[in-house]
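Residue numbers (this note's numbering): -7 to 832.
The structure is reproduced here in structure tokens:
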């Protein structure tokens, strides 16, 4: 099968896990009352034995690609692709990863390969209105054939039309028409000239037209001589001139009508000659596309336009002296109108449905655009200037878009929604027009849209879309959740090894031996923050493998080994470790105050997580608590100065609820307290320090010192249960590094929630220190277990009378709170004190 089905089993240890490691007894023994024992070294890191994997190198394996272990997501994607409704688009939820998007694309391509190939789309000239280019659909792969055919037609006409209009037959017939109309007018004028001469009248041609004057002895009589003639003679001459002028006007008036008839006969002649050439040239192409009605209609329009403009085209070709071998569209602009703009084509009827990814989803890159050219100071465009967008290329298939990129492009998201709602793609026009420049806009026909959009979203982008855009759930109805990890099992280990083999093949890397794969699996467990799971972030795995391949090459190894993986991790940490080293140095030099020895009341070491890009590390932070008589108020200083986030403030309020529930059943909480992260100048968010804050507060109330060589991470609920937190490995390592820099004493360690045991994948140096008894990790379930470890005293349980033992931590807290209540009552002079337990 292309995808392997994975089984989940936690009933027995995995064969590749070490099971015989036990903590050393060489370190100091600290007596505690809680009964909680430090975790064994084997519980801190799940090691993988390469020998148990069953292969020597990845060269022995069949690569496994695609969406590994994502059966639920695959089923959702397949469902979305099968739904024909255009509002059942798909959004894939998962962390951003180029490798993950590649896996999604691979699956889409597999489905699309078996799907119907969509039609080709072309734009052609609209001879009735060139501003509105026509969109025509053709069977798959036939768009380029039509375009090539039309270019061949134009190339043939470049030579055929001039030849037809320069033939001897055409010239002879044209001369006959010209001579026919020219001879008729000239004969009439000659006859008029003869009659005028017989009457001693001269017909004169002037720049302003024709004129007439009397003659005597063959010469024109001057006007002063004519005026001296007898009046009867003058009237006779004028009468004859008037008659001749009337006859001349009749001859000249018939000329436009004759010219019109001449032009019509020339047009008929030109059409007759052109029709023969054009029909003969277009015949093969028309026959080839007679089955496509829209193309047949278009070719009929082409034929009419060519016949109508044939003489003009022939004249332009002759003027430009274009040879038949030269592209006519480049040298004879009038021929552009007959070319074909192939917008999208499959190039084959067996290509399947297209799958595309919009890597730069701008408005124009999505829906296409019109490319303008400068001409005589203006911006002009025609149907050949139309450029397709991603929606055109993916039409009939699927288009993948990363949501964050899409939402960051002005107008792109709205344009995509409009296309999905209307079911058509409209080419975007350039909105900006330079001042003083005329822009010739086009309105191309819209193209029907049949597509599935696959939107890749992370949790933040999904939250934004769901809360800010009511159209999103209406257009994207299919959710596919991608899991970041794979449950450990013998089968999943083989699948993971196959994934490593596929990355080797994809990037052309050296084969990875079994020890290298085992080391990659250990790192994948750490990335997954679960010893029972493997991170399947192929992008992250691939980056680490490429770095390891580099170091293997540097050491002249033919295969990548665990040594190379370890070095890649070490070198990566070194490149990004400047900030962590600065924090470490500030602690070592005493700039940041962190105690790792001794005992102090109301003071504890908590652990925070610092994340800067790819760098993540734990940092110890001192928390202090002060208590005094009050009216049931805990002041969270971080919140008061707006450095505490809402989750952190919630944690402080919860720990107050725990105190009220345990100690304020009979006595009011006449308490005021302050809590603060010392030397913290950044925002504090999260509740992972709430357990440490509670321990500090209980210590201050009981006036019992806490062991400073122990640090604490974990959140707490109102019932006193310690809950899991994130980044537990980095937090443990952060405190370990501080202790190691000062010298491990064997009494140092860290308290973590019991629920975080499954997340432990600590560095090997930390594991080694625990194995040798130089450092400890304790897993606690309750506040009572933690306070006992930190103080060395029993936490305390209520006896049959509902009282805590006097020598227990809880007994001392109760006694202190009772004292506060009594003093508050005495101070106020009132018989009772109202319990206003709360936090602020």
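Even glycine gets a Cβ: it sits at the ideal position worked out from N, Cα and C.
Since we're looking at a predicted model, the values are computed, not measured.
Cβ-Cβ separation, residue 722 to residue 579 (assumed contact under 8 Å), whole Å: The residue labelled residue 579 in the question sits at position 587 within the chain shown. The residue labelled residue 722 in the question sits at position 730 within the chain shown. Contact annotation, residue 579 with residue 722: C-beta distance approximately 16 Å; criterion of less than 8 Å not satisfied.
Those runs of the alpha helix (DSSP H) which lie wholly inside the stretch 546 to 621 and span at least 4 residues: Correct list: 554 to 568 and 570 to 580.
With 16 other Cβ atoms within 10 Å as the buried cut-off, status of residue 225: Reading the chain shown from its first residue, position 233 is the one you call residue 225. So residue 225 counts as exposed.
For residue 202, the first and last residue of its enclosing beta strand (DSSP E): Counting from 1 along the chain shown, the entry for residue 202 is found at position 210. Segment 201 to 208, the beta strand (DSSP E) holding residue 202.
Host beta strand (DSSP E) of residue 488 (start-end): For this step, residue 488 is matched to residue 496 along the chain shown. For residue 488, no beta strand (DSSP E) segment is defined; the enclosing uninterrupted segment is the alpha helix (DSSP H) at 482 to 499.
Uninterrupted alpha helix (DSSP H) stretches inside the stretch 318 to 366 (no shorter than 4 residues): For the stretch 318 to 366, the full-length alpha helix (DSSP H) segments reaching 4 residues or more read 320 to 323 and 355 to 359 along the chain.
Residue 808: first and last residue of the uninterrupted alpha helix (DSSP H) it sits in: On the chain shown, position 816 is the one that residue 808 refers to. Segment 801 to 820, the alpha helix (DSSP H) holding residue 808.
Cβ pair residue 382, residue 343 closer than 8 Å: Numbered from 1 along the chain shown, position 390 holds the residue referred to as residue 382. Numbered from 1 along the chain shown, position 351 holds the residue referred to as residue 343. In this structure, the beta-carbon distance from residue 382 to residue 343 does not fall below 8 Å.
Where the alpha helix (DSSP H) through residue 723 begins and ends: Looking up residue 723 in the chain shown gives position 731. Run containing residue 723: 720 to 734, per the alpha helix (DSSP H) assignment.
Straight-line Cα distance separating residue 690 from residue 796: The residue given as residue 796 occupies position 804 in the chain shown. The residue given as residue 690 occupies position 698 in the chain shown. Answer to the nearest angstrom: the Cα atoms are 14 Å apart.
Own chain partners of residue 497 with C-beta closer than 7 Å, once the 5 adjacent residues on each side are dropped: The count along the chain shown starts at 1 and reaches residue 497 at position 505. Counting only Cβ-Cβ distances below 7 Å, and skipping sequence neighbours, we find 55.
Residue 416 - DSSP class collapsed to helix/strand/coil: Position 424 of the chain shown, counting from 1, holds the residue named residue 416. Three-state result, residue 416: strand.
Candidates 199, 201, 193 and 221: closest to residue 209 by CA position: Indexing the chain shown from 1 puts residue 209 at position 217. Per the Cα distances, 193.
Exposure of residue 404, with buried meaning 16 or more beta-carbon neighbours within 10 Å: Taking the chain shown and counting its residues from 1, one reaches residue 404 at position 412. Counting other Cβ atoms within 10 Å of its Cβ, residue 404 reaches 16 or more and is therefore classed as buried.
Option in 30, 29 and 36 with minimal Cα separation from residue 755: For this step, residue 755 is matched to residue 763 along the chain shown. Measuring C-alpha to C-alpha distances from residue 755 to each of 30, 29 and 36 identifies 36 as the nearest.
Limits of the beta strand (DSSP E) - the one that residue 130 falls within: Your numbering for residue 130 matches position 138 in the chain shown. Residue range 126 to 130 is occupied by the beta strand (DSSP E) that includes residue 130.
DSSP state of residue 72 mapped onto helix, strand, coil: Indexing the chain shown from 1 puts residue 72 at position 80. Three-state DSSP puts residue 72 in a helix.
Enclosing beta strand (DSSP E) for residue 393 [first to last residue]: Working through the chain shown from its first residue, we reach residue 393 at position 401. Residues 390 to 394.
Distance, residue 787 Cα to residue 653 Cα: Here residue 653 corresponds to residue number 661 of the chain shown, with the count starting at 1. Here residue 787 corresponds to residue number 795 of the chain shown, with the count starting at 1. Cα to Cα, the separation comes out at about 16 Å.
Burial state of residue 406 (16 or more Cβ within 10 Å): Here residue 406 corresponds to residue number 414 of the chain shown, with the count starting at 1. With fewer than 16 Cβ atoms within 10 Å of its Cβ, residue 406 is classed as exposed.
Reference residue 766, options 279, 729 and 114, closest by Cα: Residue numbering aside, residue 766 sits at position 774 when the chain shown is read from its first letter. Nearest option by C-alpha distance: 729.
Buried versus exposed, by CB contacts within 10 Å (16 or more), residue 29: Taking the chain shown and counting its residues from 1, one reaches residue 29 at position 37. The residue in question, residue 29, is exposed, as its Cβ has fewer than 16 Cβ neighbours within 10 Å.
Residue 546 versus residue 516 - alpha carbon distance: Against the chain shown, residue 546 aligns to sequence position 554. Against the chain shown, residue 516 aligns to sequence position 524. Whole-angstrom Cα-Cα distance: 24 Å.
Buried/exposed call for residue 614, threshold 16 Cβ in 10 Å: One-based indexing of the chain shown puts residue 614 at position 622. Residue 614 is buried by the Cβ-count criterion.
For residue 151, the first and last residue of its enclosing beta strand (DSSP E): As a working note, residue 151 is residue 159 in the chain shown. For residue 151, no beta strand (DSSP E) segment is defined; the enclosing uninterrupted segment is the alpha helix (DSSP H) at 135 to 157.
Whole-angstrom distance between residue 265 and residue 158, CA atom to CA atom: The residue given as residue 158 occupies position 166 in the chain shown. The residue given as residue 265 occupies position 273 in the chain shown. Approximately 11 Å between the Cα atoms of the pair.
Limits of the unbroken alpha helix (DSSP H) element including residue 517: Counted from its first residue, the chain shown places residue 517 at position 525. Unbroken alpha helix (DSSP H) run through residue 517: 506 to 520.
Own chain residues within Cβ distance below 7 Å of residue 287, not counting five before or after: Taking the chain shown and counting its residues from 1, the one referred to as residue 287 is at position 295. Excluding sequence positions up to five before and after residue 287, its CB lies within less than 7 Å of the CB of 128, 130, 138 and 281, all in the same chain and listed in chain order.
Rounded C-alpha distance that separates residue 156 from residue 335: Here residue 156 refers to the residue found at position 164 when the chain shown is read from its first residue. Here residue 335 refers to the residue found at position 343 when the chain shown is read from its first residue. Roughly 34 Å between the two C-alpha positions.
Burial state of residue 465 (16 or more Cβ within 10 Å): What you label residue 465 is simply residue 473 of the chain shown in a count that begins at 1. Exposed is the call here.
Burial state of residue 590, where buried means 16 or more other Cβ atoms lie within 10 Å: Translated into positions along the chain shown, residue 590 becomes position 598. With fewer than 16 other Cβ atoms within 10 Å, it is exposed.
Where residue 669 falls: helix, strand or coil (DSSP): Walking along the chain shown from the start, residue 669 turns up at place 677. Residue state, collapsed to three classes: strand.
Same chain only: Cβ atoms within 7 Å of residue 588, ignoring 5 sequence neighbours per side: The sequence position of residue 588 within the chain shown is 596, counting from 1. Only 700, 701, 730, 731, 734 and 740 meet the Cβ criterion.
Proximity of residue 85 and residue 372 at Cβ, strictly below 8 Å: Against the chain shown, residue 85 aligns to sequence position 93. Against the chain shown, residue 372 aligns to sequence position 380. Not in contact: residue 85 and residue 372 (Cβ atoms no closer than 8 Å).
Proximity winner among 594, 45, 781 and 792, relative to residue 694 (alpha-carbon distances): By one-based count along the chain shown, residue 694 stands at place 702. With distances taken between CA atoms, residue 694 lies nearest to 594 out of 594, 45, 781 and 792.
Inter-residue spacing [alpha-carbon to alpha-carbon] between residue 70 and residue 290: As a working mapping, residue 70 is identified with position 78 in the chain shown. As a working mapping, residue 290 is identified with position 298 in the chain shown. Cα-Cα distance, rounded: 39 Å.
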